[in-house]
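Read through the structure below, which is laid out as structure tokens, and then see the notes.
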Ligand SMILES: Nc1ncnc2c1ncn2[C@@H]1O[C@H](COP(=O)(O)OP(=O)(O)O)[C@@H](O)[C@H]1O
Ligand SMILES: [Mg+2]
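Structure below.
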């Protein structure tokens with residue numbers, strides 16, 4: 010396999026297309042998107058509703074496959090992988106941050122953070138050590154045994170960030186990470202993401218708020234499934 | 375991959391999720407609990423009943439055939455007309471012929487029995503005199519408590535010796551120097567030479583050949599003292615009967631020959647007996663009856679168990695499907711993080727298995743409790759076999775797998791994108 014840690018680009022997509030057939034209508038959610046994201050960059054994907062941001066993020070996050078086009082993640086061609094291989098890619102190389110946090114309510118903070126490690130088969134003791142480190146990194150070391158419902162929105166999103174970092178991913182994907190937060194908390198969360206970016210993490214974030222997009226060094230604006238402009 | 379630790383953690387997670395909905399989990403398990411409980415309980419009761427039947431057959435002797443004299447139906451109606459004497463039943467000749475001509479017969483025991491008042495000092499009670507030979511004690515094997523049993527010599531010499539039952543000895547002799555005492559049967563004196571235990575209960579429709587008011591005496595002595603004619607006062611008129619032998623008990627060489635031998639005896643007897651003045655009991659037939667009953671019982675049991683386990687299984691599946699829907703988002707999260715389909719299948723399957731095993735174990739508890747209560751309240755013997763416990767646990771696990779696999783597959787096939795959007 011080509012690629013790996015010495016690859017310059019975290020993401021290389023070429024002429025990505027995603028077509029949905031609704032009734033006898035053909036919807037081109039992505040209509041030929043090409044982009045390159047270097048390691049260590051922080052990108053914001055913007056655009057009007059229906060412009061294809063979520064579709065783009067799902068494909069970048071290996072939750073979905075393009076109808077055509079190529080996608081190299083850290084040098085690996087993942088555009089034609091099957092479900093099991095894509096699961097493996099998500100497990101090893103990707104981290105997700107969602108608008109609605111998406112923590113598992115039955116699990117504690119520590120267990121949520123360590124969930125990717127559990128699926129990687131890391132042993133329990135080691136997972137706990139990692140979860141503690143990550144929790145203190147996001148400022149939640151006192152909350153390890155709490156349940157998500159006992160935390161504020163901002164705290165929950167911090168747990169989600171810690172979870173996204175736990176497998177040391179090549180790429181972190183954030184879908185409107187501050188969409189459910191007030192402006193003060195939004196700033197905290199964005200500062201945390203910026204800090205992670207400064208420590209070398211590659212981040213791709215979808216947002217429609219210009220001031221949130223300001224935290225990213227690069228902006229990709231979409232329109233009707235195409236790249237409208239890059240800045 | 376550390377499979378054992380994944381199993382361990384999945385079990386922990388499963389238990390946690392079930393505890394989250396305690397009432398619902400309990401109600402879900404109920405079907406399985408009752409299913410498994412009733413299987414074990416019914417098997418225990420069935421096992422107890424057939425074991426009891428078997429032990430009774432053993433006491434009757436599985437290779438024995440018991441031929442008894444009976445007053446033919448027509449003689450009974452004639453008795454009203456003041457017939458002087460009715461003559462019926464088995465003859466000494468029958469005994470001789472049966473024992474000499476049928477090669478599959480090992481031993482033949484003649485029995486002559488009659489009610490007589492028995493006295494010892496001031497004590498008295500009615501006993502059933504059983505005039506027989508030493509072979510009686512081979513065919514009706516009972517513990518000898520004291521002294522000895524009747525010998526060949528006693529029979530040959532027409533000795534006035536008697537063997538009492540433990541019950542008779544207790545009532546008549548109390549605790550006094552039992553063996554060697556002299557008792558009177560009717561007008562004759564006998565020396566008590568021994569005491570045996572008895573089985574006075576009945577096995578199914580068959581009466582044990584012995585009762586607890588028996589007194590065993592050499593048949594030659596019985597014939598000498600009391601003859602073959604019996605008088606009885608009934609409804610104001612004297613009824614006189616001549617019966618040579620009341621019973622003939624034979625032992626067949628092999629269980630396989632019992633049926634054939636019974637037929638041969640019947641053929642031999644029917645030549646000299648024009649009227650049906652005897653009947654035959656074959657303890658082995660009881661065994662067949664017990665087996666047939668057990669088979670019927672098993673079919674009924676299997677059906678009931680099958681239905682209740684099916685209902686239990688459907689209950690579990692229903693709840694698991696609801697759980698999968700409820701936890702769609704969790705499934706989406708796990709898949710996004712990198713869980714493979716098989717991880718999701720495994721997680722939900724383990725949860726169903728935990729549910730069904732807890733249900734099964736609770737059912738086993740119930741299945742142990744019910745027979746215990748049955749035995750305590752009705753005295754009916756019950757036997758819980760290890761096999762029924764293993765079977766039940768096996769069934770529980772199978773139910774968990776069979777009815778858990780579909781919801782688990784459903785969960786794993788959810789599209790993670792759609793699952794993540796689920797509210
Ligand atoms: N599963 C789907 N089936 C059909 N059409 C879809 C589906 N997902 C997205 N689309 C369509 O693709 C286009 C892009 O959608 P999306 O990527 O969600 O845009 P955004 O996230 O920018 O609002 C829209 O027109 C949307 O209706
Ligand atoms: Mg969207």
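Residue numbers (this note's numbering), protein chains in the order written: chain A, 10 to 240; chain B, 375 to 797.
Glycine residues also receive a C-beta, built at the ideal position from the N, C-alpha and C atoms.
Just so we're clear, the structure is a prediction, and the values are computed from it rather than from any experiment.
- Task: Any chance you could list the residues with Cβ under 6 Å from a heavy atom of ligand 2, keeping chain order?
- Result: 62(A) and 63(A)
- Query: Sorted by chain position, which residues of the same chain lie with C-beta nearer than 7 Å to residue 513(B)'s C-beta, five sequence neighbours on each side aside?
  - Reply: The sequence position of residue 513(B) within the second chain is 139, counting from 1. The answer, listed in chain order, is 435, 438, 481, 483, 623 and 625.
- Message: Is there a Cβ of chain B sitting closer than 8 Å to that of residue 29(A), yes or no?
- Response: Along the first chain, read from residue 1 onward, the residue named residue 29(A) stands at position 20. By this cut-off, residue 29(A) is not an interface position.
- Query: Nearest to residue 36(A) by CA position, among 18(A), 125(A), 76(A) and 69(A), is which residue?
  - Reply: In the first chain, counting from the first residue as 1, residue 36(A) sits at position 27. Measuring from the Cα of residue 36(A), the nearest candidate turns out to be 76(A).
- Within the 8 Å Cβ cut-off, does residue 185(A) reach chain B? Against the first chain, residue 185(A) aligns to sequence position 176. Closer than 8 Å: no.
- Tell me residue 23(A)'s beta-bridge partners as DSSP assigns them. Here residue 23(A) is taken as the residue at index 14 of the first chain, counted from 1. 79(A), per the DSSP bridge assignment.
- Which runs of the alpha helix (DSSP H), 4 residues or longer, sit entirely within the segment 37-95 of chain A? 62-69
- Task: Identify each residue in the segment 378-407 of chain B for which the Cβ-Cβ distance to at least one residue of chain A is less than 8 Å, and report them in chain order.
- Result: 379, 380, 383, 387, 390, 391 and 394
- Item | Terminal residues of the beta strand (DSSP E) in which residue 505(B) lies | As a position in the second chain, residue 505(B) is number 131, starting the count at 1. In the DSSP assignment, residue 505(B) falls within the beta strand (DSSP E) that extends over 497-506.
- Please say whether residue 227(A) and residue 51(A) have beta carbons closer to each other than 8 Å? Within the first chain, residue 51(A) is the residue found at index 42, counting from 1. Within the first chain, residue 227(A) is the residue found at index 218, counting from 1. Taking 8 Å as the Cβ cut-off, residue 51(A) and residue 227(A) qualify as a contacting pair.
- Can you grab the Cα-Cα spacing for the pair residue 521(B) / residue 605(B), in whole Å? Within the second chain, the letter at position 147 stands for residue 521(B). Within the second chain, the letter at position 231 stands for residue 605(B). For residue 521(B) and residue 605(B), the distance between alpha carbons rounds to 34 Å.
- If you scan the segment 561-595 of chain B from start to end, which runs of the beta strand (DSSP E) of 3 or more residues do you find wholly inside it? 562-570 and 588-592
- residue 768(B) to residue 433(B) span [Cα, whole Å]: Walking along the second chain from the start, residue 768(B) turns up at place 394. Walking along the second chain from the start, residue 433(B) turns up at place 59. A direct Cα-Cα distance of roughly 37 Å separates residue 768(B) from residue 433(B).
- Measure how close the beta-carbons of residue 589(B) and residue 559(B) come, nearest whole angstrom, since I'm counting them as under 8 Å. Taking the first residue of the second chain as 1, we reach residue 589(B) at position 215. Taking the first residue of the second chain as 1, we reach residue 559(B) at position 185. Right, the Cβ-Cβ distance comes to about 7 Å (below 8 Å), so this counts as a contact.
- Message: Below 8 Å on the Cβ atoms is my contact criterion, and I expect residue 592(B) with residue 524(B) to pass it. Report the Cβ-Cβ distance as a whole number of Å.
- Response: Numbered from its first residue, the second chain carries residue 592(B) at position 218. Numbered from its first residue, the second chain carries residue 524(B) at position 150. Indeed, because the Cβ distance is near 6 Å, the residues count as touching under 8 Å.
- Message: In this structure, how does DSSP classify residue 625(B) when only helix, strand and coil are distinguished?
- Response: The sequence position of residue 625(B) within the second chain is 251, counting from 1. Looking at residue 625(B) - three-state DSSP - the assignment turns out to be strand.
- Task: Throw me the rounded Cβ distance for the residue 729(B) and residue 782(B) pair, which I believe falls under 8 Å.
- Result: Numbered from its first residue, the second chain carries residue 729(B) at position 355. Numbered from its first residue, the second chain carries residue 782(B) at position 408. Their Cβ separation, rounded to whole angstroms, is 12 Å, which puts residue 729(B) and residue 782(B) out of contact at 8 Å.
- Chain-ordered neighbours of residue 165(A) on chain B, where CB pairs are closer than 9 Å: Sequence index remark: in the first chain, residue 165(A) carries index 156 (1-based). Correct list: empty, because the minimum Cβ distance to chain B is about 13 Å.
- Message: Given this structure, state the Cα-to-Cα distance separating residue 684(B) from residue 431(B), to the nearest angstrom.
- Response: Translated into positions along the second chain, residue 684(B) becomes position 310. Translated into positions along the second chain, residue 431(B) becomes position 57. Straight-line Cα distance between these residues: approximately 38 Å.
- Helix, strand or coil at residue 12(A) according to DSSP, with G and I counted as helix: As a position in the first chain, residue 12(A) is number 3, starting the count at 1. Unreliable placement is indicated for residue 12(A), whose pLDDT of 49 sits below 50; no coordinate value is reported for it.
- Limits of the unbroken alpha helix (DSSP H) element including residue 430(B): Stepping through the second chain from its first residue, residue 430(B) is reached at position 56. Its alpha helix (DSSP H) spans residues 396-434.
- Query: In chain A, which residues lie with their C-beta within 8 Å of the C-beta of residue 711(B)?
  - Reply: Sequence index remark: in the second chain, residue 711(B) carries index 337 (1-based). Correct list: 99, 100, 105, 124, 125, 128 and 172.
- Message: Is residue 771(B) close to ligand 1? I mean its beta-carbon at under 7 Å from any heavy atom of the ligand.
- Response: The residue you call residue 771(B) lines up with position 397 of the second chain. Result no, Cβ not under 7 Å from ligand 1.
- Taking Cβ positions only, does residue 707(B) come closer than 8 Å to chain A? Locating residue 707(B) in the second chain gives position 333, where the first residue counts as 1. At a cut-off of 8 Å between beta-carbon atoms, residue 707(B) makes contact with chain A.
- Message: Quick check: does the Cβ of residue 58(A) come within less than 7 Å of any heavy atom belonging to ligand 1?
- Response: Position 49 of the first chain, counted from the first residue, corresponds to residue 58(A). Yes - ligand 1 has a heavy atom lying nearer than 7 Å to the Cβ of residue 58(A).
- Query: Which residue or residues does DSSP assign as beta-bridge partners of residue 438(B)?
  - Reply: Taking the first residue of the second chain as position 1, residue 438(B) is located at position 64. Answer is 625(B).
- Distance, residue 778(B) Cα to residue 682(B) Cα: As a first step, residue 682(B) is located in the second chain; it is residue number 308 there, counting from the start. As a first step, residue 778(B) is located in the second chain; it is residue number 404 there, counting from the start. The straight-line gap from Cα to Cα measures roughly 17 Å.
- Where residue 715(B) meets chain A, residues with beta-carbon distance less than 9 Å: Here residue 715(B) is taken as the residue at index 341 of the second chain, counted from 1. Those within 9 Å of residue 715(B) in chain A are 92, 93 and 96.
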